[in-house]
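When the letters of the sequence shown are read in order and numbered with our numbering, they come out as residues -8 to 265.
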Amino acid sequence: MLELSYFCLLNAEKYNVVSLDSAYTFVRKFAKQHYENFPVGSILVPKRLRKYIYSIYSFARVADDIADEISKKSKKESLNLLNKYEYCLDNCLATNEINNPIFLALKDTIAINELPLELFKRLLKAFRQDINFLQADTFDDLFDYCNNSANPIGELILRLFKEDNEKTIFYSNKICSALQLINFLQDISIDLSRNRNYVPKELLYSSTEINEEVLNKYIAIAEKLLNDGKEILKLIKSFRLKLELYLIILGGKIMLTKIKKHKTKLLKKRPKVF
């Protein structure tokens, strides 16, 4: 899918679309081509909202590819492409002449659902942090990263369902941050091989070794966040969204169980949900 990272910026003719319907068809197919730990636009999401979720996911997926795959070859090029990607984001709202399927669908998604542009920009900020990676000094630093990388997605979903308020966003942030930490634990062997250590320095003390004690503390923090976030289920009115969130939380718990069994084996092998 790396080619798509370029098409979103260069607007290659082979990907151009002529209608909003064809743009939404594109993002649906694109989203379904990727493996995720948790379903994207599952059958629990009302059909009328699925196309918007595909649109948001496609935007984030391509930006992630730019930050992750292209940066392996050139950090400078990756940052440059992300800057252009953000320009495309701003420009799609300012013009009616869009042939790019992702940005055409995204423009409609943002307008129809009155989504704040700032949430999408926070995602791009996190991807820039990935490119210019620095190990977090404290968990507060790591949570600041999660606030850009994961939490905006939860808030966007709440806004699609018209379930966004101070309390639901608060608990959604806990769930999303927990899932981000769980993902770090799941991918720790891969990240370390890429010289990315998502274990805060304060947890390592004077040693750089990630041992069982360090992993236990990390797991405990992720587990507490996930358990605290469950309070959102008492606040959500939509049965479909409530069930979707319940299954997402359950998926996180299942992965935590596997992570606990792996312990230091995580440093060598990535566990899978199934």
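The beta carbon of each residue, even a glycine, is placed where N, CA and C say it ideally should be.
Asked, Found
"Spatial neighbours of residue 139 in its chain, beta-carbon cut-off 8 Å, leaving aside the 5 residues before and after", "113, 114, 116, 117, 120"
"Per-residue burial, residue 106 [other beta carbons within 10 Å of its own, 16 or more giving buried]", "buried"
"Contact between the region 139 to 148 and the region 69 to 80 (3+ Cβ pairs under 8 Å)", "no"
"Element boundaries [alpha helix (DSSP H), containing residue 182]", "179 to 184"
"Buried or exposed by the 16-neighbour rule on C-beta atoms within 10 Å, applied to residue 91", "buried"
"4 or more residues per run - each alpha helix (DSSP H) lying fully within the region 119 to 148", "130 to 140"
"Identity of the residue in 35, 259, 67, 170 nearest residue 180 by Cα", "259"
"Neighbour-count burial assignment, residue 100, 16 or more Cβ in a 10 Å radius", "buried"
"8 Å contact criterion, which residue 15 and residue 102 should meet: CB distance rounded", "About 14 Å separates the two Cβ atoms, so there is no contact after all."
"Spatial distance of residue 266 from residue 175 (CA atoms)", "Look at the range of the chain in this structure, -8 to 265, and you will see that residue 266 is not part of it."
"Three CB pairs or more closer than 8 Å across the region 33 to 49 and the region 5 to 25", "yes"
"Per-residue DSSP class, three states only, for residue 228", "coil"
"Where residue 250 falls, given that 16 or more other Cβ within 10 Å makes a residue buried", "buried"
"Residue 24 classed as buried or exposed, judged by whether at least 16 other C-beta atoms fall within 10 angstroms", "exposed"
"Between the CA atoms of residue 51 and residue 135 - distance to the nearest angstrom", "18 Å"
"Status (buried if at least 16 other CB within 10 Å, exposed otherwise) for residue 146", "buried"
"Rounded C-alpha distance that separates residue 269 from residue 163", "In the structure displayed, the chain extends from -8 to 265; residue 269 sits before or after that span and is not available."
"Coarse secondary structure for residue 65, derived from DSSP in three states", "coil"
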